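**Q**
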Amino acid sequence: MNDAAYRGFPRVCDVSGHKGRAGRAAALALIAVVTAWAAWPGLRTAAPAGFVAPQPFAAAASAGVQATPRLVSAIVNEAEPPRVHAASIAALPDGRLFATWFGGEREGGTEVKIYGAFRAPGAVAWETQQVIASPEQTSADVGRLVRKMGNPLAFVTPAGELWVVYVSVTMGGWATSHLNLLRSPDLGRSWLPAQRLVASPFLNLSTLVKGYPVSFDNGDIGLPVYHEMAGKFAELLVLSAGGEVRRKQRIDHGRRSLQPVVLVQDAQRAVALMRYGGEQAPFRAWRSETADGGRSWSAVEATDLANPNSALAALRLEDGRLLAVANDTDDERLRLSLLVSADEGRHWRVIHRFEDKQALAGKELDEPVFRALLEQDVDALGAAPAREVIVRNTERNLCRGNGPCGWQYDYPYLVRAADGDFHLVYTWNRSFVRHLQFNRAWLEGKL
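Quick look at the structure:
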């Protein structure tokens with residue numbers, strides 16, 4: 011490098027001795043950081059691209075020809091591992107469904123793996139679950155130590171591939187995580203080796219994923235992601251059709267927004283809904299808007315939707331209204347509701363309760379009382395044949411030793427299939443992934 015390259019810091023390079031060595035080390039470190047930053051693909055200027063607006067669904071489904079309201083419930087996972095979380099679901103072009111989640115003895119455990127399962131077209135029951143990613147296999151694929159895993163996100167790309175983006179950690183907690191990508195060109199029949207997504211030019215730490223992706227008209231894919239290390243804020247990570255990082259755009263610059271869901275209105279406009287990650291009231295979900303295809307976002311503002319620092323799911327209906335599933339409480343996750351908004355997410359109206367134990371908030375239930383109520387819930391799920399397994403796992407996860415037992419319904423994920431049906435998955439009492447399928451006729455009866 012010539013002398014002109016050092017002009018900004020001559021003293022570091024001209025001194026000698028111990029201080030000079032320290033100065034040279036600092037200079038080299040600075041040069042390394044600047045070089046890594048400049049080489050990061052996310053800084054390269056890309057041609058402006060617009061969002062792909064939501065497409066109309068099949069005329070029969072949209073027009074409500076399916077006159078009979080239908081709501082179907084199923085349990086996706088099996089009894090082992092005993093604790094599961096963070097499910098997502100994808101409707102495949104061939105009519106199958108694919109769900110994925112992480113499971114193990116506890117969240118953040120080194121034994122946690124990423125699981126997946128399929129459901130055949132027209133079926134209610136799910137097929138046998140399979141491990142699709144493990145710490146050992148991911149370590150071998152990406153060439154880096156992986157100690158724990160979480161938050162898998164499944165979706166079908168515009169090119170027709172099934173992708174799963176998931177979180178992994180080498181050391182520390184979720185704040186030091188990074189992202190990995192599994193690709194299946196044949197829709198889950200086989201998987202290519204996992205690849206790292208370099209979402210940051212420095213250390214590539216603290217990028218997590220939860221929300222459903224959006225598409226751009228040039229074939230790119232926008233992943234709603236979030237950061238937890240130096241603050242808590244939402245971002246949009248843009249990938250190419252081949253899984254290369256194009257760019258990353260902040261949605262929020264604060265310290266209180268997590269797990270964004272981006273809802274496209276047209277080629278340029280979208281609204282992002284976010285989990286509230288703060289510690290002070292009011293506990294409300296956040297929102298932000300873009301009018302330039304996600305390249306810039308408005309300052310976040312609170313909605314009137316209560317949010318106890320919990321993930322939410324949402325999508326846009328044909329008439330422009332927003333449909334969301336959320337824990338609409340100020341604290342705890344005892345209730346999971348279906349809500350609708352007619353003003354781009356500023357105000358919400360509850361139209362259905364999928365789960366509701368809010369009346370038991372603050373009450374300490376001993377295990378016999380908890381078990382009796384739990385057995386009633388299991389029968390209502392239509393899972394009576396597996397009652398004992400479900401009750402056993404739930405008691406293990408939600409009863410604290412000889413102390414009181416509780417309830418928890420959280421981490422919803424909502425999509426809509428090509429036939430117009432809606433598919434919702436969420437964590438049921440830390441023990442199972444519940445799948446609900448409902449049609450437009452059922453929804454119309456609630457709106």
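Per the working numbering, the sequence shown starts with residue 11, numbered consecutively.
Note that the Cβ used here is the ideal one computed from N, Cα and C, for glycine as well.
What you are looking at is a predicted structure, and each value in this text was computed from that prediction instead of being measured.
(1) Taking only three categories from DSSP, how would you classify residue 407?
(2) Using only the alpha-carbon positions, how far apart do residue 439 and residue 130 sit?
(3) Looking only at its own chain, which residues have a Cβ that is under 8 Å from the Cβ of residue 138, when we skip the five neighbours before and after it?
(4) Which same chain residues end up closer than 7 Å to residue 331 when comparing Cβ atoms and leaving out the 5 residues on each side of it in sequence?
(5) What did DSSP end up calling residue 432 once you bin it into helix, strand or coil?
(6) Which residues share a DSSP beta bridge with residue 232?
(7) Between the alpha carbons of residue 66 and residue 180, how many angstroms are there, rounded?
(8) Within 6 Å: the Cβ of residue 198 and any heavy atom of the ligand GTP?
(9) Would you check if there are 3 or more beta carbon pairs closer than 8 Å linking the segment 362 to 372 to the segment 276 to 296?
(10) Which same chain residues end up closer than 8 Å to residue 140 when comparing Cβ atoms and leaving out the 5 residues on each side of it in sequence?
(11) Using 8 Å as the Cβ pair cut-off and three pairs as the minimum, do the segment 257 to 270 and the segment 301 to 316 touch?
(12) Can you tell me whether residue 399 is helix, strand or coil according to DSSP?
(13) Span of the beta strand (DSSP E) holding residue 366?
(14) In terms of DSSP beta bridges, what is residue 420 paired with?
(15) Bridge partners of residue 85, per DSSP?
(16) DSSP puts residue 158 in a beta bridge; with which residues?
(17) Going along the chain, which residues of its own chain have a beta-carbon closer than 7 Å to the beta-carbon of residue 393, five neighbours each way excluded?
(18) Is the separation between the beta-carbon of residue 210 and that of residue 243 shorter than 7 Å?
(19) Whole angstroms is fine: what's the gap from residue 270's alpha carbon to residue 234's?
(20) What residue range does the alpha helix (DSSP H) around residue 149 cover?
(21) Below 8 Å on the Cβ atoms is my contact criterion, and I expect residue 195 with residue 171 to pass it. Report the Cβ-Cβ distance as a whole number of Å.
(22) Could you tell me which residues DSSP pairs with residue 190 in its beta bridges?
(23) Taking the Cβ atom as the reference point for each residue, do residue 354 and residue 281 lie within a distance shorter than 7 Å?
(24) Nearest-angstrom Cα distance between residue 321 and residue 225?
(25) Anyone know if the C-beta pair for residue 175 and residue 189 falls short of 7 Å?
(26) Classify residue 129 as helix, strand or coil using the three-state DSSP reduction.
(27) Is the beta carbon of residue 111 sitting closer than 7 Å to the one on residue 96?
(28) Using CA atoms only, rank isn't needed, just tell me which of 218, 169, 421, 385 is closest to residue 347.
(29) Grab me the residues of residue 443's own chain with a C-beta within less than 8 Å of its C-beta, minus the 5 sequence neighbours each way, in chain order.
(30) Output yes or no for whether 7 Å exceeds the beta carbon distance between residue 293 and residue 338.
(31) Taking all protein chains shown into account, do 16 or more other C-beta atoms lie within 10 angstroms of the C-beta of residue 474, making it buried, or fewer, making it exposed?
(32) Would you call residue 43 buried or exposed, if buried means 16 or more other Cβ atoms sit within 10 Å of its Cβ?
(33) Using CA atoms only, rank isn't needed, just tell me which of 254, 252, 323, 263 is closest to residue 285.
(34) Starting from the Cα of residue 333, find the closest Cα among 357, 183, 298 and give me that residue.
(35) Do residue 315 and residue 295 have their beta-carbon atoms positioned less than 7 Å apart in this structure?
(36) Flag this pair as yes or no: are the beta carbons of residue 232 and residue 219 separated by less than 7 Å?
**A** According to the data block:
(1) helix
(2) 26 Å
(3) 88, 127
(4) 350, 351, 352
(5) strand
(6) 224, 248
(7) 43 Å
(8) Ligands in the displayed structure: none, and consequently the ligand GTP is not present.
(9) no
(10) 125, 126, 127
(11) yes
(12) helix
(13) 359 to 366
(14) 437
(15) 444
(16) 179
(17) 85, 400
(18) no
(19) 6 Å
(20) 145 to 152
(21) 5 Å
(22) 176, 206
(23) yes
(24) 22 Å
(25) yes
(26) strand
(27) yes
(28) 421
(29) 85, 86, 87, 94, 97, 109, 111, 435, 436, 437
(30) no
(31) Outside the displayed span of the chain (11 to 457) sits residue 474, for which this structure offers no information.
(32) Any answer about residue 43 is weak, because its pLDDT of 43 lies below 50 and its placement is not dependable; what the coordinates show is given next. Classification of residue 43: exposed, given that the 10 Å Cβ count is below 16.
(33) 323
(34) 357
(35) yes
(36) no
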